[in-house]
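Reviewing the structure listed below.
Here is the structure:
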């Protein structure tokens, strides 16, 4: 959380660049550092943690001048920018970086073949924040659609529909040239400061502290290293057995490359006329569509079934929007799902399944059930909305 030093009139704000590996997080941070006046920026420091020797934190203390607008109620704002560059082997490291975060830049890779990684990373962000008792819809964050200069870049509007769950600012960037990177950071700083002021950060003695602003690099390294090891060990204890834990005591090896595999789906017998059907939960035309979905799933045509489910979900959301008398175009997930009490993490899981079906990725029966569960959940919730 932000720290206020009433003596020096300084506000220490922690911002994190988050997103899929190789999406442009480190490049964005480096551009911010290079673009900052030498007299207002600190040293860009890489810190190796003891539990993931291929992983580094990029730590940037940035003292912003009042002329740049980084001043609130006579408090000079000092930014700490963090990111986890490259591929991350231990999720505990991501959790560590998010500790005490005030704002987030989610850097999405615009390449079509990387969109599934974007959805997975966003879902991971939601889960890691929830483990810390926080929610993404309560934290200031912006979406940075990076690599917009590449010929394989997805349509920005399509990406926004998939990723922008809570109506946050979306900016298009090319980190290699710096286009839009500073604008994304400026937008995040602005909404973060507005959030801190709205929360009464400057007037609550209980949240006021006097941090050491000029920290020694070795102290930072030792603190982060110790904290990362503690979090990592706790995470391992929950997810692996004793033998695996002993293996992790040794120097970790990077995981082997993933080999795409196509799941073999055995087509079960078509449902009999008297078998229970999800169609009973839907009305008339929708019930007919659901029976067609069930037939496709029974025949093993999972991609077709999921495509039909996605169209049904879209139509259901439109109807819910109309029932709530939302303006035209207002029946977007970011608007409708909270009204129905459906969590953003559930929607992310569903979108990952749909994206995998569209891209021809491996599917199994669980994916079909996961997708159908979303349609049923929306249908049941809309009955009482």
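Residue numbers (our numbering): 3 to 387.
Ideal Cβ placement from N, Cα and C applies to all residues, glycine included.
Here the structure is a predicted model, which is why all the values come from computation and not from measurement.
- Less than 8 Å divides the Cβ of residue 146 from the Cβ of residue 108.
- Here residue 351 has 125 and 372 as same chain residues with Cβ atoms under 8 Å from its own Cβ, once five neighbours each way along the sequence are excluded.
- Considered as a whole, the stretch 127-173 harbours 143-148 as its complete beta strand (DSSP E) runs of no fewer than 3 residues, in chain order.
- Distance from the Cα of residue 297 is smallest, within the candidate group 280, 149, 36 and 348, for 280.
- According to the DSSP assignment, residue 80 belongs to the beta strand (DSSP E) that extends over 77-85.
- According to the DSSP secondary-structure assignment, residue 105 is paired through a beta bridge with 17.
- In the displayed model, residue 176 falls within a strand according to three-state DSSP.
- Distance from the CA atom of residue 185 to the CA atom of residue 377, rounded to whole angstroms, is 38 Å.
- When the beta-carbon positions are compared, residue 104 and residue 198 come within less than 8 Å of each other.
- Cα atoms of residue 102 and residue 20: separation of roughly 14 Å, rounded to the nearest angstrom.
- Distances from the CA of residue 334 to each of 181, 26, 168 and 11 were compared; the closest alpha carbon is that of 168.
- Its chain contains 125, 128 and 129 as the residues whose beta carbon lies nearer than 7 Å to that of residue 347, once the 5 sequence neighbours on both sides are disregarded; these appear in chain order.
- DSSP places residue 11 outside both helix and strand once states are collapsed to three, so it counts as coil.
- Under the three-pair Cβ rule at 8 Å, the stretch 179-196 counts as touching the stretch 137-151.
- Contact between the stretch 314-326 and the stretch 288-297 is established, with three or more Cβ pairs separated by less than 8 Å.
- Between residue 76 and residue 11 a beta carbon distance of about 6 Å is seen, short of the 8 Å cut, so the two are scored as contacting.
- The C-alpha of residue 369 is placed about 6 Å away from the C-alpha of residue 355.
- Around residue 176, the same chain offers 150 and 151 as residues with beta carbons nearer than 6 Å, after the five sequence neighbours per side are excluded.
- Contact between residue 341 and residue 190 does not hold, since their C-beta atoms are separated by about 27 Å, which reaches or exceeds 8 Å.
- The beta-carbon separation of residue 382 and residue 283, rounded to 7 Å, stays under the 8 Å limit for a contact.
- Out of 22, 24, 34 and 80, the CA that lies nearest to the CA of residue 15 is found in 80.
- Here residue 379 has 344 as same chain residues with Cβ atoms under 7 Å from its own Cβ, once five neighbours each way along the sequence are excluded.
- According to DSSP, residue pairing for residue 181 in a beta bridge involves 176.
- When DSSP reads this structure, residue 5 sits in a beta bridge with 14.
- Counting C-beta atoms within 10 angstroms of its own C-beta, residue 9 has fewer than 16 neighbours from the protein chains shown and is therefore classed as exposed.
- Following the DSSP letters along the chain, one finds residue 281 in no alpha helix (DSSP H), marked with neither H nor E.
- Membership of residue 316 in the alpha helix (DSSP H) is indicated by the continuous run 304-325.
- Residue 353 is classed as buried because its beta carbon has at least 16 other beta carbons within 10 Å across all chains shown.
- One alpha carbon belongs to residue 158, the other to residue 277, and they sit about 44 Å apart.
- Per DSSP, the unbroken alpha helix (DSSP H) holding residue 357 starts and ends at 346-360.
- In this structure, residue 114 sits away from residue 178, with a CB-CB distance that is not shorter than 8 Å.
- DSSP links residue 113 through a beta bridge to 155.
- Here the C-alpha atom of residue 161 lies approximately 24 Å from the C-alpha atom of residue 33.
- Residue environment analysis places residue 163 among the exposed positions, since fewer than 16 neighbouring C-beta atoms fall within 10 angstroms of its C-beta.
- No Cβ-Cβ contact shorter than 8 Å links residue 148 with residue 23.
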